[in-house]
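Here is the structure we will look at.
Number of protein chains: 4
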Amino acid sequence: MPGNSFGQLLRLTTFGESHGKAIGGILDGFPSGVRIDEDLLQRELQRRKTAQSPWASSRSEEDELEILSGVFEGFSLGTPIAFLVWNKDQLPVDYDHLQNTFRPSHADFTFEKKYGHRDFRGGGRSSARETLARVVGGAFAKMLLNTLGVEITAFVNRIGTVAIPKETELPELPVSEDSTVRCPDPETSEKMLRLIARTQKEGDTLGGEIKCIVRNVPAGWGEPVFDKLHASLGKAMLSINAVKGFAIGSGFDGAAMKGSAHNDLFEVREGKLRTKTNFSGGVQGGISNGEEIVFSVAFNPVATLMKDQQTVDKSGKPVMLKGKGRHDVCVVPRAVPIVEAMAALVLADHYLLNRAARI
Amino acid sequence: MPGNSFGQLLRLTTFGESHGKAIGGILDGFPSGVRIDEDLLQRELQRRKTAQSPWASSRSEEDELEILSGVFEGFSLGTPIAFLVWNKDQLPVDYDHLQNTFRPSHADFTFEKKYGHRDFRGGGRSSARETLARVVGGAFAKMLLNTLGVEITAFVNRIGTVAIPKETELPELPVSEDSTVRCPDPETSEKMLRLIARTQKEGDTLGGEIKCIVRNVPAGWGEPVFDKLHASLGKAMLSINAVKGFAIGSGFDGAAMKGSAHNDLFEVREGKLRTKTNFSGGVQGGISNGEEIVFSVAFNPVATLMKDQQTVDKSGKPVMLKGKGRHDVCVVPRAVPIVEAMAALVLADHYLLNRAARI
Amino acid sequence: MPGNSFGQLLRLTTFGESHGKAIGGILDGFPSGVRIDEDLLQRELQRRKTAQSPWASSRSEEDELEILSGVFEGFSLGTPIAFLVWNKDQLPVDYDHLQNTFRPSHADFTFEKKYGHRDFRGGGRSSARETLARVVGGAFAKMLLNTLGVEITAFVNRIGTVAIPKETELPELPVSEDSTVRCPDPETSEKMLRLIARTQKEGDTLGGEIKCIVRNVPAGWGEPVFDKLHASLGKAMLSINAVKGFAIGSGFDGAAMKGSAHNDLFEVREGKLRTKTNFSGGVQGGISNGEEIVFSVAFNPVATLMKDQQTVDKSGKPVMLKGKGRHDVCVVPRAVPIVEAMAALVLADHYLLNRAARI
Amino acid sequence: MPGNSFGQLLRLTTFGESHGKAIGGILDGFPSGVRIDEDLLQRELQRRKTAQSPWASSRSEEDELEILSGVFEGFSLGTPIAFLVWNKDQLPVDYDHLQNTFRPSHADFTFEKKYGHRDFRGGGRSSARETLARVVGGAFAKMLLNTLGVEITAFVNRIGTVAIPKETELPELPVSEDSTVRCPDPETSEKMLRLIARTQKEGDTLGGEIKCIVRNVPAGWGEPVFDKLHASLGKAMLSINAVKGFAIGSGFDGAAMKGSAHNDLFEVREGKLRTKTNFSGGVQGGISNGEEIVFSVAFNPVATLMKDQQTVDKSGKPVMLKGKGRHDVCVVPRAVPIVEAMAALVLADHYLLNRAARI
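Residue numbers (my numbering), protein chains in the order written: chain Y, 17 to 375; chain H, 17 to 375; chain U, 17 to 375; chain G, 17 to 375.
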């Protein structure tokens, strides 16, 4: 199958180049009878945009969403939900110098090698603008999951060298949207903002880490042996621009632990079989066990710098890539709703898949 | 689609419970005309088995592979390749006590919740014995990749608290199969063996980390935006038993770096456009860029301990789970060929998918 | 997978309700580097519309196609091609009486039963207006097939009781678009037009049969044992509104023949191995054999009549369904480009699939 | 996806060459908790075999079925059900003359063209022996459908020029297995047997037509717009060896009817909304409407004759293909359980798919 579809029973197919006419998608397999929450849709788009932030780029994306099908009288029809956002802010002239130069750690070189012919304006299909369609698809998935009580909350755990200290007691999630860095620890937030300001002055950029917690998933979701729940989540996260790592539960730290410390022993809590610890991250044998699903996603620093970079052009001639325009210093806070959206798509899909597990 | 198939154009479907009649699979989409290398098949199975190792369990799996179809006069037919290994060593009596107890951090509880009815003997379908079929499928994928010069080499980078120091100069890979822990650094190997011996005495277990390096993949493999090469690799690895994390290139460390340090600048080397560094891990925008593909996989410690664990049974009654039988202290070295096999399946599939990218 | 996608490597996903905002789709997996022929696109849409015909309904569909992505500087990018046509002619008031009545032999009843909630205006998702997206997707597939010399030509073989006599020598195909019934035999065309005029006066409707011939497909396309070329063609045709039958080569007539008459013996013609007859219809064992691919598609008569029908409403109360508005007497001529479009999608997909058959 | 899998949530993957080691498959996605009916399995295999019949070949296929996984203590586990039948009756020496000659209307030529390398013994993968795996998969699907009351009954409607007269009142179905031709009309059966005997003497072969009736399918199964229920059935049937046509409800006859005669008007019967007639064949808009599902399948005559055929060999040299060995005169009666099996797989899959249609 071509690579622009995600999911099995709930399937999002996206389209759009950064500087083409529009970005959008089709969400197929969304069950009929779900109340469509327009506010949730707008809120998620707004969370992705956050143009007001100190660390965000200037492109004023007036992202007006149009739903083209699949919804009737406020409820889903069970037919494909198509949607789009027009690209209003097209300034192709900005990008002409990129026709012959491959920006370092972008996808210019690999798209050229794969396809021969590419839209070099602003990254084309490889632009992070594509994630807009994921956020819309994810918002629908959230509406479905809301009917089941499932809650998905992501937050920023690290920006560059600044991370929430391990033993910090976190306040109730979700994080207030007042925090411009979407970090639930106020002290760490402060440090992050200072680091961002400093890095911006240097013309440099930052990466970071997002943590996501999913509550109220019942035991039973996940399809062994290949479509294990965390394998599907991992693929979803790794398909987001700039993601370099995924870990569930104890993750890479778990590799250094002993079995006697890592095993999640069972106990009875409030009349239910529960685990005392949750190093498994809510998934055992690829199937949800009813505990919180907890995972982390690592983002590398933004590849577009505001300072010059010495590289070579298409023909191999040395060229100085100028840092111009205005770009994000760090996209990690903006990626929070994207992580949640992809998690929602995975979980809603696995919910539907699990309906077929038993007679 | 049900969860026991992996891959799109090259698709492995596996079957088998740990104590059922047989373990095996069907590899469909394998192109015709590939010379079948029986030695490679046997070698890979042997590498997975390694019953001789100090850290391995006593089950003497006489894994005699039978190829049932798809091969004729030494070459692949392009038709499905079915294969199986009989389960000879069935001692169901060993497992009767597990009918009513869920072992901690195993899949007993989640399988019960998902399916209602389960084969409780030795983990049934969730047993690591299932990976045998992956190794066979991967061996075929390697035969295909060998025709293209692609080389896949994995090794053990960490066992428990012992890891290869970051700056260690590694010897030529692949690791000699003389190293029982499959670690290329002799000094670290020694430490790992000592840690294993010590942990075995304690009745405890260990996890670890495997690193995998793939050479000679041409630029162009990977299908944006969802089936990015590293997203497919991530899913493949996370679907292996006990895997808790996946990272490509700079991975989680990259989250702490600045853009100016992380960007892989282009240069001309031996007449070709290459990158000076490889923090991207050989994949940019989800497509291979011709550099080495480098990724890491984290395994949690073995969940079956040789010491007693206080847990509860199905009905919630406290029960002491006895550590009996003989089990692996650490499965990470055995997982090396499994990591390679899954990588081979992903890469061979993406090779075929990329054939459709251009006219 | 949800049901609104078609194809494996070349995959069309469509959306849109008859009286929603728009009809459109995403064509994913279309290879990069194909020259986009805007004329062909417009011509195919025009062929589907044919509002000038005596047998067509009055809805003046001003179908202005917008391509939203996947094309750059006149060539395909290898990224998803999204497109849409706005529904301008929305008169929902026309359809209010259908909220509580299920039209006979339409999909009103079954959509209600399946989804619970449905867009009752003009058939909603089950309207033949949906085929517009198929014609656009098929036009792109034709552009790809044109680079290989493959030619697809369909024509009307029967309308109601009037069919081209079996032994008629047909003129060179494709049929001139001057024939409003798209039948290559002038004498039969005349009879068809007379039958249509007579039936229109009665307020009744007609079905018919389309024959399709595909030339220059090389031997080798088709994926046994389930995705045989003619099985894929059959599914494609049976998914078109009102189709009730599919036959390849000798079809149902072949069931009455003897083997000695039916077998297509080999001979050498123009230096190539060819068959003397073509009862197989160009496909043997599910794979193209290089001969013309010949198949037939049966359409039932239009279900919307211009005369009253005695039926019952949702609650079971007798109701007279009035024949009002103006509707097609026979859609078979309009279905000719739809049959071609679906054939093109199948063939282009199998062309790409077959690239993976051999090393 | 490679072509040896069928179905989406219930997926059968088959393997095996006619003269390889074994024929078998994996049925994945079969829900847990279904009681496994061994008798039904044996009966279906026996029905396919019917070596006792006058029109069947002499190959004494001792088809002993082995279930390798997915079943535990008499119930399905929800894990993949693997099964196989060994090929005991291997006489490769019989087939050496076929290495350089392509049998007319077989798949020898097209397999050679597609794959380059083929197993020429007895048709290899293209042999009808492959359908054995379909019958096994279908038997499991029937067990699932039985829990829902769905009944599938196929019978022979035509052999060569002998068909059941249109107005014949048929006895209660299913047809008694006493009828060696599986035709429910005793008079027609007699004529069929005489035709078979006569044709056998001539060394010639026959085709025919199978009709299938499915009862008790509730309204709602089928996934518009591409995976319509009858489109899935059509593909399933067309993927069976020697099938040349598929028709649902009125089929090709419907093309000659007028709308006023063809429309299935609603009425209330036994308190339910039902249709007076069933020209739709139980499917409207691609979704089951609760009426009987009725379809027909056309088989061309057996391609292997008992008389000589003048053809050419691989290099184009004239060659006389000798009619030797002993082969089926007509396979249509044997195809009855195969048609039922494929119908069962389609229906069980659509049952599971439809579970995801609504919240």
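Just so you know, even glycine gets a beta-carbon here, dropped at the ideal spot from N, CA and C.
Use the C-beta contact count for G/Lys-338: other C-beta atoms within 10 angstroms, 16 or more gives buried, fewer gives exposed.
-> Within the fourth sequence, numbered from 1, the residue matching residue 338 of chain G stands at position 322. By the neighbour-count rule (16 or more Cβ atoms within 10 Å), G/Lys-338 is not buried but exposed.
Is there a Cβ from chain U that is less than 8 Å from the Cβ of G/His-246?
-> For the purposes of this step, residue 246 of chain G is identified with residue 230 of the fourth sequence, where counting begins at 1. Yes, its Cβ sits closer than 8 Å to a Cβ of chain U.
Counting Cβ pairs, one atom from each stretch, are 3 or more of them under 8 Å apart for the segment 305-322 of chain H and the segment 210-225 of chain H?
-> yes
If you draw a straight line from the C-alpha of G/Thr-29 to the C-alpha of G/Gly-153, how long is it?
-> The count along the fourth sequence starts at 1 and reaches residue 29 of chain G at position 13. The count along the fourth sequence starts at 1 and reaches residue 153 of chain G at position 137. Rounded to whole angstroms, G/Thr-29 to G/Gly-153 spans 9 Å at the Cα level.
Which term fits Y/Arg-198, buried or exposed, when burial requires 16 or more other beta carbons within 10 angstroms of its beta carbon?
-> Position 182 of the first sequence holds residue 198 of chain Y. Buried is the call here.
Residues bridged to Y/Thr-117 by DSSP?
-> For the purposes of this step, residue 117 of chain Y is taken as residue 101 along the first sequence, with counting starting at 1. According to DSSP, Y/Thr-117 bridges with Y/Asp-329.
Proximity of H/Leu-57 and H/Gly-45 at Cβ, strictly below 8 Å | Against the second sequence, residue 57 of chain H aligns to sequence position 41. Against the second sequence, residue 45 of chain H aligns to sequence position 29. In this structure, H/Leu-57 sits away from H/Gly-45, with a CB-CB distance that is not shorter than 8 Å.
Report the option in Y/Arg-145, Y/Ala-155 and Y/Glu-185 whose CA atom is closest to the CA atom of Y/Glu-54.
-> Here the question's residue 54 of chain Y lines up with position 38 in the first sequence. Checking every option, the nearest Cα to that of Y/Glu-54 belongs to Y/Ala-155.
Let me know the secondary structure DSSP gives U/Ser-74 once reduced to three states.
-> What you label residue 74 of chain U is simply residue 58 of the third sequence in a count that begins at 1. Bear in mind that the predicted position of U/Ser-74 carries a pLDDT of just 48, short of 50, making it unreliable; the figure below should be weighed with that in mind. Correct three-state label for U/Ser-74: coil.
C-beta neighbour in chain G for U/Thr-177, strict 8 Å = Within the third sequence, the letter at position 161 stands for residue 177 of chain U. By this cut-off, U/Thr-177 is an interface position.
Confirm, please, whether the CB-CB distance from U/His-246 to U/Val-299 is below 8 Å.
-> Here residue 299 of chain U refers to the residue found at position 283 of the third sequence. Here residue 246 of chain U refers to the residue found at position 230 of the third sequence. It is a contact, given that the beta carbons lie within the stated cut-off.
Residue range of the beta strand (DSSP E) that includes H/Ile-39 = Within the second sequence, residue 39 of chain H is the residue found at index 23, counting from 1. Start and end: 38-44.
Whole-angstrom distance between G/Thr-126 and U/Asn-305, CA atom to CA atom = If you number the third sequence from 1, residue 305 of chain U lands on position 289. If you number the fourth sequence from 1, residue 126 of chain G lands on position 110. Answer to the nearest angstrom: the Cα atoms are 6 Å apart.
Cβ of Y/Ser-48 within 8 Å of any chain G Cβ | The count along the first sequence starts at 1 and reaches residue 48 of chain Y at position 32. True, the Cβ-Cβ gap to chain G drops below 8 Å.
If U/Ser-85 and Y/Gly-332 are in contact, beta carbons under 8 Å, what's the gap, nearest whole angstrom?
-> Residue numbering aside, residue 85 of chain U sits at position 69 when the third sequence is read from its first letter. Residue numbering aside, residue 332 of chain Y sits at position 316 when the first sequence is read from its first letter. That pair is no contact at about 32 Å.
List the DSSP bridge partners of H/Ile-83.
-> For the purposes of this step, residue 83 of chain H is taken as residue 67 along the second sequence, with counting starting at 1. Looking at the DSSP assignment, H/Ile-83 forms a beta bridge with H/Phe-99.
Collapsed DSSP secondary structure at G/Met-17 in the structure displayed = Numbered from its first residue, the fourth sequence carries residue 17 of chain G at position 1. Coil, per DSSP.
Would you kindly report the start and end of the unbroken alpha helix (DSSP H) that includes Y/Ser-296?
-> On the first sequence, residue 296 of chain Y is found 280 positions in, with the first residue counted as 1. Per DSSP, Y/Ser-296 belongs to no alpha helix (DSSP H) and is neither H nor E.
By how many angstroms is the C-alpha of U/Val-233 removed from the C-alpha of H/Ser-255?
-> Start at 1 with the first residue of the second sequence, and residue 255 of chain H comes out as number 239. Start at 1 with the first residue of the third sequence, and residue 233 of chain U comes out as number 217. For H/Ser-255 and U/Val-233, the distance between alpha carbons rounds to 41 Å.
Which residues does DSSP pair with U/Pro-334 in a beta bridge?
-> As a position in the third sequence, residue 334 of chain U is number 318, starting the count at 1. As DSSP reads the structure, U/Pro-334 sits in a beta bridge with U/Val-328.
Exposed or buried, which one is U/Ser-74 when buried takes at least 16 other CB atoms within 10 Å?
-> Translated into positions along the third sequence, residue 74 of chain U becomes position 58. With a pLDDT of 48 at U/Ser-74, under the threshold of 50, the predicted position of this residue should be treated as unreliable, and no value is reported.
In three-state terms, what does DSSP make of H/Arg-27?
-> As a working note, residue 27 of chain H is residue 11 in the second sequence. In the three-state DSSP reduction, H/Arg-27 falls in the strand class (E or B).
With distances taken between CB atoms, is the gap from G/Lys-330 to G/Thr-117 smaller than 8 Å?
-> Your numbering for residue 330 of chain G matches position 314 in the fourth sequence. Your numbering for residue 117 of chain G matches position 101 in the fourth sequence. Contact flag set, yes.
Straight-line gap, Y/Thr-293 to Y/Phe-311 (C-alpha atoms, nearest Å) | The count along the first sequence starts at 1 and reaches residue 293 of chain Y at position 277. The count along the first sequence starts at 1 and reaches residue 311 of chain Y at position 295. When rounded, the distance between both Cα atoms is 15 Å.
Take Y/Val-191 as the anchor and find which of Y/Asn-173, Y/Leu-368, Y/Arg-214 and Y/Val-284 has the nearest alpha-carbon.
-> The residue labelled residue 191 of chain Y in the question sits at position 175 within the first sequence. The shortest Cα separation from Y/Val-191 among Y/Asn-173, Y/Leu-368, Y/Arg-214 and Y/Val-284 belongs to Y/Asn-173.
Can you list, in chain order, the residues of its chain whose CB lies under 7 Å from that of U/Gln-24, leaving out five sequence neighbours each side?
-> Locating residue 24 of chain U in the third sequence gives position 8, where the first residue counts as 1. Only Asp-365 and Leu-369 meet the Cβ criterion.
Whole-angstrom Cβ separation of Y/Ala-179 and Y/Glu-225, contact assumed at under 8 Å?
-> Counting from one through the first sequence, the residue named residue 179 of chain Y turns up at place 163. Counting from one through the first sequence, the residue named residue 225 of chain Y turns up at place 209. So it is a contact: roughly 7 Å between Cβ atoms.
Which term fits G/Gln-326, buried or exposed, when burial requires 16 or more other beta carbons within 10 angstroms of its beta carbon?
-> Position 310 of the fourth sequence, counting from 1, holds the residue named residue 326 of chain G. Exposed.
Environment of H/Asp-243 [buried if 16+ CB atoms lie within 10 Å] | Start at 1 with the first residue of the second sequence, and residue 243 of chain H comes out as number 227. Buried, because 16 or more other Cβ atoms sit within 10 Å of the Cβ of H/Asp-243.
Out of curiosity, what's the CA-to-CA distance linking G/Ile-309 and U/Glu-283?
-> Position 293 of the fourth sequence, counted from the first residue, corresponds to residue 309 of chain G. Position 267 of the third sequence, counted from the first residue, corresponds to residue 283 of chain U. Approximately 43 Å between the Cα atoms of the pair.
Cβ of Y/Asp-112 within 8 Å of any chain U Cβ | Position 96 of the first sequence, counting from 1, holds the residue named residue 112 of chain Y. False, the Cβ-Cβ gap to chain U never drops below 8 Å.
Mind checking if G/Tyr-131 is an interface residue toward chain H, Cβ cutoff 8 Å exclusive?
-> Within the fourth sequence, numbered from 1, the residue matching residue 131 of chain G stands at position 115. So, interface residue.
Do the segment 129-139 of chain Y and the segment 87-99 of chain U touch if we need at least three Cβ pairs shorter than 8 Å?
-> yes
What span of residues does the beta strand (DSSP E) with U/Arg-174 cover, start to end?
-> The residue given as residue 174 of chain U occupies position 158 in the third sequence. Secondary structure note for U/Arg-174: its beta strand (DSSP E) is the uninterrupted segment 167-175.
Beta-carbon proximity of H/Gly-250 to Y/Gly-250, cut-off 8 Å | One-based indexing of the second sequence puts residue 250 of chain H at position 234. One-based indexing of the first sequence puts residue 250 of chain Y at position 234. Yes, the Cβ-Cβ distance between H/Gly-250 and Y/Gly-250 is below 8 Å.
Beta carbon of G/Arg-379 nearer than 8 Å to that of G/Arg-64 = With chain G covering 17 to 375 only, the question about residue 379 of chain G has no answer from this structure.
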